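Trainee: Residue numbers (this note's numbering): 2 to 96.
Glycine included, C-beta positions come from ideal geometry on N, C-alpha and C.
Keep in mind that this is a model prediction, so the values were computed, not measured.
In structure tokens form, the structure reads like this:
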């Protein structure tokens with residue numbers, strides 16, 4: 002997680018990669034909370050969303066935070082799978 006956080010601050014790489022690094026750090030935290038509660042997700046389509054949704058139970062996260070995290074997951078997917086430049090500087094700062 003620490004490495005991903007540090008990577009997200011490297012200004013010499015694209016905004017997309019910085020956003021993905023920040024997202025990965027947050028996802029790692031969510032995965033840690035899930036595993037600490039004795040659970041895991043199955044590695045299949047949608048497992049990131051299930052990990053994000055588990056935050057409601059594992060750390061009692063506010064539903065608005067979970068929805069924001071899901072929005073960032075969609076943005077990450079668009080950046081990785083669909084189009085380069087999907088993340089703006091403003092979106093990166095919001096993360």
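1) On the CB-based measure, 16 or more other CB atoms within 10 Å of its CB, does residue 90 come out buried or exposed?
2) Among 3, 4, 24, 5, whose alpha-carbon lies nearest the alpha-carbon of residue 92?
3) Tell me whether residue 72 sits in a helix, a strand or coil according to DSSP, three-state version.
4) Can you tell me whether residue 17 is helix, strand or coil according to DSSP?
5) Using 8 Å as the Cβ pair cut-off and three pairs as the minimum, do the region 32–49 and the region 4–12 touch?
6) Please classify residue 88: is it buried, with 16 or more other beta-carbons within 10 angstroms of its beta-carbon, or exposed?
7) Is it buried or exposed, residue 27, if we count other Cβ atoms within 10 angstroms and call 16 or more buried?
8) Go through its chain and collect everything with a Cβ distance to residue 67's Cβ below 7 Å, but skip five positions before and after it.
9) Does the distance from the C-beta atom of residue 59 to that of residue 51 stay below 7 Å?
10) Is any beta-carbon of chain D found at less than 7 Å from that of residue 74?
Mentor: This is what the structure gives:
1) Locating residue 90 in the chain shown gives position 89, where the first residue counts as 1. Exposed.
2) Here the question's residue 92 lines up with position 91 in the chain shown. Sorting 3, 4, 24, 5 by C-alpha distance to the C-alpha of residue 92 places 24 at the top.
3) For this step, residue 72 is matched to residue 71 along the chain shown. Looking at residue 72 - three-state DSSP - the assignment turns out to be helix.
4) Here residue 17 refers to the residue found at position 16 of the chain shown. The three-state secondary structure of residue 17, taken from DSSP, is helix.
5) Using a Cβ-Cβ distance cut-off of 8 Å, the region 32–49 and the region 4–12 are not in contact, since fewer than three pairs of beta carbons, one from each stretch, lie closer than that value.
6) Here residue 88 corresponds to residue number 87 of the chain shown, with the count starting at 1. With a threshold of 16 other beta carbon atoms within 10 Å, residue 88 meets it and is buried.
7) The residue you call residue 27 lines up with position 26 of the chain shown. Under this definition residue 27 is a buried residue.
8) The residue labelled residue 67 in the question sits at position 66 within the chain shown. Taking residue 67 as the centre and dropping the five residues before and after it, the same chain places the C-beta of 53, 54, 56, 57 closer than 7 Å to its C-beta, in chain order.
9) In the chain shown, residue 59 corresponds to position 58, counting from 1. In the chain shown, residue 51 corresponds to position 50, counting from 1. If you check the CB distance, residue 59 and residue 51 do not come in under 7 Å.
10) You won't find chain D in this structure, because it holds only one protein chain.
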